[in-house]
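**Q** Start counting the sequence shown at 364; every next residue gets the next number (our numbering).
Positions of the beta carbon are idealized from the N, C-alpha and C atoms, including for glycine.
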Amino acid sequence: MAIRCIYVTPDHEVVATDKVEEVPKESVFTWYDCIQPTKEETHFLATTFELNIQEITASIYTLRRPNLYHDAQNDVEHLLMHAIDGKDFEAEPLGITIDGNHVITVHDAELQTVTQLFDAVKTNKVKRDAGLIALKLLNGIIESYFSYVNAIEDQVFSFQYEEENRKQRRAFMKQVYEIRSEIIKLKRILLPMEQMVNAIQTLDIYDSGQDKARLYHQIYNHLKHQNATLESCEALTDDIKDNNQSYHSSRINSVINVLTIISSIFFPLSFLAGWYGMNFTNMPELHGQYNYFIFIAFSIIIVVVLLLIFKKKKWF
């Protein structure tokens, strides 16, 4: 769909162009940025740098986990990292290939991090070093995670006030479960990214130079902080969920306790009603003039006695 390039001539002249066929082979630095490259553009990159087409297009045609692959034979590194689509927390893959001091970035859609860094390199604001550019791209993507992580953190900590004031617990718990779903989606991206960052330490190009080492540690600390924040938010939502379950269990126990008391009161009354409802001929209690009133009074006495017993045992 689109491919653009920055290259540096042997005379240290920086040139930006969309006509990749005009890029001289003797360039001391090149950066090809490809957005949905066509088959012809992919073939051009593969033949120019003798690269594996599958590695170049991995971020377009397949959605793989973030990973790092080092081609020791050709001394080429392939990185696949994930940006985040803010709409539904879906991964937006970005593939980076480093061949000496040449960089190839491939992605399916426009990424602000790539565009900003591309413009900075074009205007000499960033050193034209392939390893440094790869780390800056990684750092920019990871820093973009903070907006999503911080938003989740703020919402989770606001739950302590909503939980006290909200009457409709069902709607409140729906929000909690939605946040938990977002946490899971973010962790699905951040955890593999952290594993990839750990693997970067094995590459010599990222160990050389103070700027690269400082930037790498910044990236590593950012990811650690983000994952720790998500772990804390998940633990807090677990506590809220447990408190809600305890609340419902307590309410159910209270209802069951009331029903048990009512059943205990009506059990002897039901027994008496069943006993005198048998209508046998020789039941002298049925023929007395005041037997009905006696039965009512006796039933009331049973109810009062049982209530006093339950009260003494603190059943209610």
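Could you check where the alpha helix (DSSP H) with Met-556 kicks off and where it finishes?
**A** 532-563
**Q** Using 10 angstroms around the beta-carbon of Thr-468, count the other beta-carbons present and answer buried if the total reaches 16, otherwise exposed.
**A** By the 10 Å Cβ count, Thr-468 comes out buried.
**Q** Touch check for the region 585-598 and the region 505-521: three-plus C-beta pairs under 8 Å?
**A** Taking a contact to require three or more Cβ pairs closer than 8 Å, the region 585-598 and the region 505-521 qualify as touching.
**Q** Helix, strand or coil: which one does DSSP assign to Gln-647?
**A** Here residue 647 turns out to be Pro, not Gln, going by the sequence shown. In the displayed model, Pro-647 falls within a helix according to three-state DSSP.
**Q** Indicate whether Cys-397 and Ile-366 have their beta-carbon atoms separated by less than 8 Å.
**A** Yes, they are a contact pair.
**Q** Where does the unbroken beta strand (DSSP E) through Ala-379 begin, and where does it stop?
**A** 377-380
**Q** Going by DSSP, what residue range makes up the beta strand (DSSP E) through Trp-394?
**A** 392-398
**Q** When burial is assigned at 16 or more other CB atoms within 10 Å of the CB, is His-470 buried or exposed?
**A** Burial check for His-470: the Cβ neighbour count within 10 Å reaches 16 or more, so the residue is buried.
**Q** Taking the beta carbon of Gly-640 as the centre, do at least 16 other beta carbons fall within 10 Å, making it buried, or is it exposed?
**A** exposed
**Q** Look at the alpha carbon of Ala-660 and the alpha carbon of Ile-615, and state the distance between them as a whole number of angstroms.
**A** 34 Å
**Q** Compare the Cα-Cα distances from Lys-488 to each of Asp-451, Arg-577, Ile-447, Val-377 and report the closest residue.
**A** Val-377
**Q** Just curious, the alpha helix (DSSP H) that Gly-449 is in, first and last residue?
**A** Note, Gly-449: premise wrong, no alpha helix (DSSP H); not H, not E.
**Q** Rounded to the nearest angstrom, what separates Pro-373 and Ser-521 at their Cα positions?
**A** 57 Å
**Q** On the three-pair Cβ rule with 8 Å, is the region 620-630 touching the region 669-679?
**A** The answer is yes - the region 669-679 touches the region 620-630, with three or more Cβ pairs under 8 Å.
**Q** The alpha helix (DSSP H) that contains Thr-623, what's its start and end?
**A** 573-639
**Q** Apply the 10 Å Cβ neighbour rule to Lys-402 and answer buried if 16 or more other Cβ atoms are within range, or exposed otherwise.
**A** exposed
**Q** Measuring CB atoms only, is the region 447-459 touching the region 378-389, in the sense that at least three cross pairs come out at less than 8 Å?
**A** no
**Q** Report all residues from its chain with a CB closer than 7 Å to the CB of Val-391; omit the five preceding and five following residues, and keep chain order.
**A** Val-371, Pro-373, Asn-464
**Q** Spatial neighbours of Leu-670 within its chain, please: CB distance less than 7 Å, with the 5 preceding and 5 following residues excluded, ordered by chain position.
**A** none
**Q** Using only the alpha-carbon positions, how far apart do Gln-589 and Val-439 sit?
**A** 30 Å
**Q** Looking at Val-519 and Ile-542, is the spacing between their C-beta atoms short of 8 Å?
**A** Remark: C-beta atoms of Ile-542 and Val-519 approach each other more closely than 8 Å.
**Q** Can you say whether Arg-427 is buried or exposed, counting buried as having 16 or more other CB atoms within 10 angstroms of its CB?
**A** exposed
**Q** In terms of residues, what are the limits of the alpha helix (DSSP H) holding Ala-483?
**A** 475-485
**Q** Anyone know if the C-beta pair for Leu-498 and Tyr-579 falls short of 8 Å?
**A** yes
**Q** How is the alpha helix (DSSP H) around Thr-405 delimited, first residue to last?
**A** Its alpha helix (DSSP H) spans residues 402-412.
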